[in-house]
Amino acid sequence: MDENVYFYIRNNKIHIMEDEEYFHEIKEDRGLKPKTLQLYKLSLTHYTTYTQLSLNELLLEAEKEEEERIRMRHRTIRKRLRNFQTFLKEGYEPSTINIMMHHVKSFYSHYEIELPSKIKSLTVPITETKDDIPTMQHVREAVYGTGNLKHKAIFLYMASSGVGSHELLSLNIQDFINATKDYHNSTDINDVLQELKKQNDVIPTWTFVREKVNYEYYCFNSPEATDAIVKYLLSRGPLKPYYQLFKYTQQGLSKLFQRTNERHNWPMKKTRVFFHPHAMRKLFATTLVGVKIEGKRLEETFIEWMLGHRIAGSKAAYYKSKPHVLKEDYALFVKELSIKDVIIKDRTPAQIKEIVKENIEIRENQADIADQFQKILEFAKTDPEGFIKHMKKEEK
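In structure tokens, the structure reads:
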């Protein structure tokens, strides 16, 4: 926030208190997430700074002109919005201006204020080329350029899965156990890690739900990313199922990529660094689109679906019902998303199903043994003499 905003805050404490009441009301009515609310606050603070009026004063001004039935083209709200948009052009990209204007208009709309229809969003130029997007070579350099196991795991996981930073930071230890369940027989993370570290072809199946639209989808990651995650988790202290898988905040994650960008002297692209979290999603998509292996290409709708984008028609239902088929397709192309050679064991859906069946049987047998052992302990406690006689009889 610039000096003008701080000046406004220092000298308009009453307005700020009034504005906070509006922010709270909008948050409750719209069910805004904390991050979205912060963006609203930032946009509206810029607007109140520019107008030198509080949100309450801006609403009263607009309501007064509506009651006086002033034609829209003569209303102050129209002038303010047009001038504010022009003012923002001096220091912001069109995409940022559109977001800020959207927040300001949404504020007015929330309180049922009429808005001018002729103030259009700015055109966002499409200037990004393939050279603006990192490649797996950049990921390789980032991984080999750090000794931090967590950083290695994050770079490899994000590049090979297409997972966004929000989803990454929402993962916990239990999610990792669930995602790798086809490759182990355990529910305890320590046992899981001991089983997984003996394998080199583990492709987890991750299930995510896009919160805004309640949309479920699957995605996968490369075996080398799994290996990096296992090594990282083994280096951590005691682990609980609810612990965050990658211990980071959104700000901390962004700084990690920024420091990596600086360390390798990679360029700045307009207002952001070349190597940033969202770029990993673009890397994932551009790496897979159009690649042909064994005469086969991945459907672009499948790539979109793994990125969590809503797919129209029956495709989404098909993808959701066929996780093992999708995993086979992903495994065929995973070497494109890896920095080392990948050897994947040819596990068909039937084989995977058999492994899962065996895992279930093992767990059931373990449960039966535990149940029998518990009965023996109860027998020993309630009837010690009888237990001793029984044991001697068994020895004979």
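Quick note on numbering: this note's numbering labels position 207 of the sequence shown as 968, and the sequence is numbered without any gaps.
Just so it is clear, CB atoms sit at the ideal spot from N, CA and C, and this is done for glycine as well.
Because the structure is a prediction, the values reported are computed rather than measured.
One or two residues paired with residue i in a DSSP bridge
i, result
"K1057", "I1054"
"M1029", "V1034"
"R971", "Y976"
"F981", "T966"
"N933", "Q1005"
Residue i to residue j span [Cα, whole Å]
i, j, result
"S867", "G792", "14 Å"
"H912", "T837", "52 Å"
"S926", "K1043", "13 Å"
"H899", "N909", "17 Å"
"T907", "Y1004", "24 Å"
"K1016", "L930", "14 Å"
"E827", "S870", "14 Å"
"F916", "Y801", "31 Å"
"E956", "A940", "14 Å"
"W1027", "H1037", "11 Å"
"T1143", "N946", "34 Å"
"A1186", "E875", "Given that the chain is displayed from residue 762 to residue 1157, the structure contains no residue 1186 and the question cannot be resolved."
Residue i (DSSP reduced to helix, strand or coil)
i, result
"Y905", "helix"
"E851", "coil"
"R830", "coil"
"Q1005", "strand"
"Q955", "helix"
"V1086", "helix"
"T1062", "helix"
"G1013", "helix"
"E1097", "helix"
Burial state of residue i (16 or more Cβ within 10 Å)
i, result
"Y918", "buried"
"L819", "buried"
"P984", "buried"
"A1078", "exposed"
"R839", "buried"
"P795", "exposed"
"L1138", "exposed"
"N1184", "Because the chain in this structure spans residues 762 to 1157, residue 1184 falls outside the shown range and cannot be described."
"H864", "buried"
"S921", "buried"
Under 8 Å between C-beta atoms of residue i and residue j
i, j, result
"L711", "P895", "Absent from the structure is residue 711, since the part of the chain shown begins at 762 and ends at 1157."
"P999", "F981", "no"
"I858", "L849", "yes"
"I1054", "M897", "no"
"E1064", "P1002", "Residue identity differs from the one stated: residue 1064 is Ile in this sequence, not Glu. No; because the gap between Cβ atoms is not below 8 Å, this pair is not in contact."
"K1096", "V1086", "no"
"L1098", "F1045", "yes"
"L816", "L805", "yes"
"L954", "V991", "yes"
Contact with chain B by residue i, beta-carbon distance below 8 Å
i, result
"S804", "Here chain B cannot be found, since the structure has a single protein chain."
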